[in-house]
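The numbering of the sequence shown is the numbering used here, which starts it at 186 and goes up by one.
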Amino acid sequence: MATTSEQLFQRALQLIPGGVNSPVRAFRSVGGTPFFTERADGATLTTVDGRSLIDYVCTWGPAIHGHNNPVIREAVQAALERGTSFGTPGPAEVEMAELIVSMVPSIEKVRMCNSGTEATMSCIRLARGFTGRSKIVKFSGCYHGHVDSLLIKAGSGALTLGNPDSAGIPEAFARETIVLPFNDTAALEAAFAEYGSEIAGVILEPYPANVGLILPRPGFLQHLRDLCSKHGAVLIFDEVMTGFRVAPGGVQEREGITPDLTALGKIIGGGLPVGAFGGRAEIMDHLAPLGPVYQAGTLSGNPLAMAAGIAALRLLRETA
């Protein structure tokens, strides 16, 4: 007899592509079908079939304080009493911005959005708008969400213009992305030697965490910082996974490297959908309504997500 999870999955398959709303949840790569979760507390997931499972991935990152943390839950409940969405600025957005700016060394101004993918996408657009250039450098194995210009894999050479890693990405568009091996300073120097005047920005996970975990070789991040400064390219740290985790201020605090822009997500929502990006005021002021780079979102700075995020960041700051 089929379990409740199996029955739910069969129903989902008729309505949702692949039966899931994010591919990793399908368990296809490990030859299984997903279990469905009814509730979560602390480190434990309870399935609809009554099984208790330890969650070693913290809901893929956000639940650094454990599931259903009482401090975060109470903050969301209090915010819920005041409304779920305003469509105007709210005081929690200002408090959230103050927390992020105070904790992340490189961020002078910050803009909220709704996911890590939105954050990296916005960083790329902002880098292009700020520099007036089009090419982006990324590193093989670094995942930055399902953004067209970043869902690109390396070809056979050390220095290669990108090839699409998904259907639906035009090759002409992918050619604006240069993919390099991580930790390869020679390839990095070759890319800047050939395309330096065309490179708008370089984006990377400073500790690539989607291919296991790779640490940068001594001096690699500083060399990258120096090359970006020399050629006028924007250095973007994707700290969606590492931010507030390896240190309160992320990898940039731990390594002492200052990027121009930083993408954030996961932890800063306390379990609710959220993203943010920030950096040098000179660059951030190119965003609308001040500048020509457009970025917007109906639910950006949502009061429930802000309440959860403020509670989560306060907890981190108190225990750091």
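Glycine included, each C-beta is placed from N, C-alpha and C at the ideal position.
- Assignment of I495 by DSSP, reduced to helix, strand and coil, places it in the helix class.
- The beta carbon of G381 is closer than 6 Å to those of H416 in its chain, skipping five residues each way along the sequence.
- In the DSSP assignment, S414 falls outside any beta strand (DSSP E) and lies within the alpha helix (DSSP H) extending over 405 to 416.
- When DSSP states are grouped into helix, strand and coil, G463 belongs to the strand group.
- In this structure, the alpha-carbon of Y479 lies about 35 Å from that of G404.
- DSSP, reduced to helix, strand and coil, places R360 outside both helices and strands of the structure shown, so it counts as coil.
- Inter-residue distance for H329 and K323 is about 9 Å (C-alpha atoms, whole angstroms).
- DSSP places I354 outside any alpha helix (DSSP H), giving it a letter other than H or E.
- One alpha carbon belongs to P276, the other to L489, and they sit about 12 Å apart.
- Look at C327 here: in three-state DSSP terms it is coil, with no helix or strand label.
- Counting only the Cα atoms, P477 lies some 43 Å from Y241.
- When the Cα atoms are used, L475 and L238 turn out to be separated by approximately 49 Å.
- Put simply, of V205, R210, F221, V209 the residue whose alpha carbon is nearest the alpha carbon of T189 is F221.
- Assigned with DSSP and collapsed to three states, R224 falls in strand.
- Between the region 290 to 303 and the region 456 to 464, the count of Cβ pairs shorter than 8 Å is three or higher; the stretches touch.
- For F422, the uninterrupted beta strand (DSSP E) run begins and ends at 419 to 423, by DSSP.
- Taking all protein chains in view, the Cβ of R313 is crowded by 16 or more other Cβ atoms within 10 Å, so the residue is classified as buried.
- Note on the region 287 to 316: whole alpha helix (DSSP H) runs with a minimum of 4 residues are 301 to 316, in chain order.
- For T370, the secondary structure class from DSSP, reduced to helix, strand or coil, is helix.
- With a contact defined as Cβ atoms closer than 8 Å, P391 and F422 qualify at about 5 Å.
- Listed in chain order, the non-local C-beta contacts of Q199 below 8 Å within the same chain number zero, local neighbours out to five positions each way being set aside.
- Rounded to whole angstroms, E503 and I468 show a C-alpha spacing of 31 Å.
- Between A497 and the set M186, N206, E259, the nearest pair of CA atoms involves E259.
- Of the candidates G326, R499, G456, N487, the residue whose Cα lies closest to the Cα of G251 is G456.
- Exclusion of the five residues before and after G268 leaves P488 as the residues of its chain whose Cβ lies within less than 8 Å of its Cβ.
- Around the beta carbon of Q437, a 10 Å sphere encloses 16 or more other beta carbons of the protein chains shown; the residue is thus reported as buried.
- Annotation: the continuous alpha helix (DSSP H) that includes T189 extends over 189 to 198.
- L484 is the residue among L193, L484, L400, L500 whose C-alpha sits nearest the C-alpha of E278.
- Contact between V396 and G301 does not hold, since the beta-carbon distance rounds to 17 Å and is not under 8 Å.
- Only residues of its own chain outside the window of five on either side were considered, and among them none has a CB closer than 7 Å to the CB of G235.
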